[in-house]
Amino acid sequence: MTIQWFPGHMAKAIKKIKESRKQFDIVTEVLDARIPLSSRNPVINRIIPDKPRLIILNKTDIADPEITSKWVDYYQSQGMQALPVSTFHSYCARKIENAIIKTVTEKNIIAGKKIKIGNHPVKTVIIGIPNTGKSTIINCLTGKRKEKVGNKPGVTRTQNWIFAGKNILLLDTPGILWPKFEKKITGYHLASTNSIKEENLNMEDIALFICKFMMGQYPENLMRRYAMKNMPANPAEVFKHICTIRQCLLPGNDLNYERSYEILVQEFRNGKLGRISMETPE
Ligand SMILES: Nc1nc2c(ncn2[C@@H]2O[C@H](COP(=O)(O)OP(=O)(O)OP(=O)(O)O)[C@@H](O)[C@H]2O)c(=O)[nH]1
Ligand SMILES: [Mg+2]
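Under this note's numbering, the first residue of the sequence shown carries the number 9, and numbering increases by one thereafter.
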């Protein structure tokens, strides 16, 4: 199955970001730390190629810590500031605030311009694919619950400027994807981590993808979560086992495989299977 999701509101959001790009000093790009390549939207580079960039790797609380630190090195080696965070940690706001100021001052020194933080606020757009935590980050920075957040893609629909203290102005934007994923696996990664609207997905297909990935890369986590003494020979056996231990039954006591697919996908997305990263830098 080929996965793709590019509704009209994303095309509109891209147009609006393009129109307002002169207004921001830097771009703060929020990635999902579990999939730092697949969650990077190539359109962003195309529409705002020339602004200093801060890469935030969010949701590190559910990503593999060793792999996350490799991703930080990877992006820094490409001349970008990369910051691993979890919005669930109390120091998140301070860390991001400092990184925004550092990005703008460092880049302005390089460009030979003088910048005095405090004279005028640093303006940054908070940009990224759906559901990476952009609005949650803005709420952390402002200390308010002003921006609507939700554990599904496509929550933010409008673009708003919001003050975070005196020094920083933030523009919240809707999550944006792009018209065609070059690699099929990108769609699977985005679907696994909940950045594609569910009505565009086949749950069995995604569950199978996650199951095979876990069997290959994190077998102990899968066995631990579902109390399996040995790894079953194939995904079908894993789902049968989940049905049995979670009592997923249909009337007449047939196994409810659909339910087991939902269980695996939801628990993977919520970090119940442990701290998992789906992509590693080459
Ligand atoms: N585990 C984990 N979940 C997070 C973190 N930050 C945000 N979330 C959750 O991710 C979900 C999406 O958060 P939002 O802030 O609405 O994401 P968004 O990027 O604004 O999403 P759109 O507006 O749909 O593009 C919510 O359920 C948040 O609670 C984090 O650091 N760790
Ligand atoms: Mg949002």
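No residue lacks a Cβ here, since even glycine has one placed at the ideal position from N, Cα and C. Given the structure is predicted, the values throughout are model-derived calculations rather than measurements.
Between the region 145-161 and the region 99-108 there are three or more inter-stretch CB-CB distances shorter than 8 Å, so the stretches are counted as touching. Counting only the Cα atoms, Lys-110 lies some 31 Å from Asn-159.
Ranking Met-211, Met-239 and Glu-207 by CA distance to the CA of Met-222 puts Met-239 first. Here Gln-12 is actually not in contact with Gly-162; their C-beta atoms are around 15 Å apart, not less than 8 Å.
Here Val-130 is bridged, per DSSP, to Ile-176. For a cut-off of 8 Å, the C-beta gap from Ile-170 to Lys-154 is around 7 Å, short enough to register as a contact. The C-beta distance from Leu-39 to Gly-136 rounds to 6 Å, short enough to meet the 8 Å contact threshold.
In this structure, Glu-270 sits near Met-211, with a CB-CB distance shorter than 8 Å. Contact annotation: the region 260-275 does not touch the region 50-61, with fewer than three C-beta pairs closer than 8 Å. In the same chain as Lys-24, and ignoring 5 residues on each side of it, the C-beta atoms closer than 7 Å to its own belong to Gln-167, in chain order. With a threshold of 16 other beta carbon atoms within 10 Å, Asp-262 falls short and is exposed. Residue Arg-48 holds the alpha-carbon nearest to the alpha-carbon of Thr-140 among His-249, Thr-288 and Arg-48. The alpha-carbon of Met-286 is positioned some 9 Å away from that of Gln-225. Within its own chain, the residues whose Cβ lies closer than 6 Å to the Cβ of Arg-42, once the five positions on either side in sequence are excluded, are Ala-71, Thr-201, Ser-285 and Met-286, listed in chain order. Placement of the Cβ of Ile-104 at a distance of 7 Å or more from every heavy atom of ligand 1 is found. A distance below 8 Å separates the beta carbons of Lys-142 and Thr-164.
The C-beta separation of Ile-108 from Met-88 comes to about 13 Å, leaving the pair out of contact by the 8 Å criterion. Residues Ile-11, Leu-209 and Ile-214 of the same chain have their beta carbon placed closer than 6 Å to that of Ala-199, with the five preceding and five following residues left out of the count. At the C-beta level, Met-18 and Leu-185 come within 8 Å of one another.
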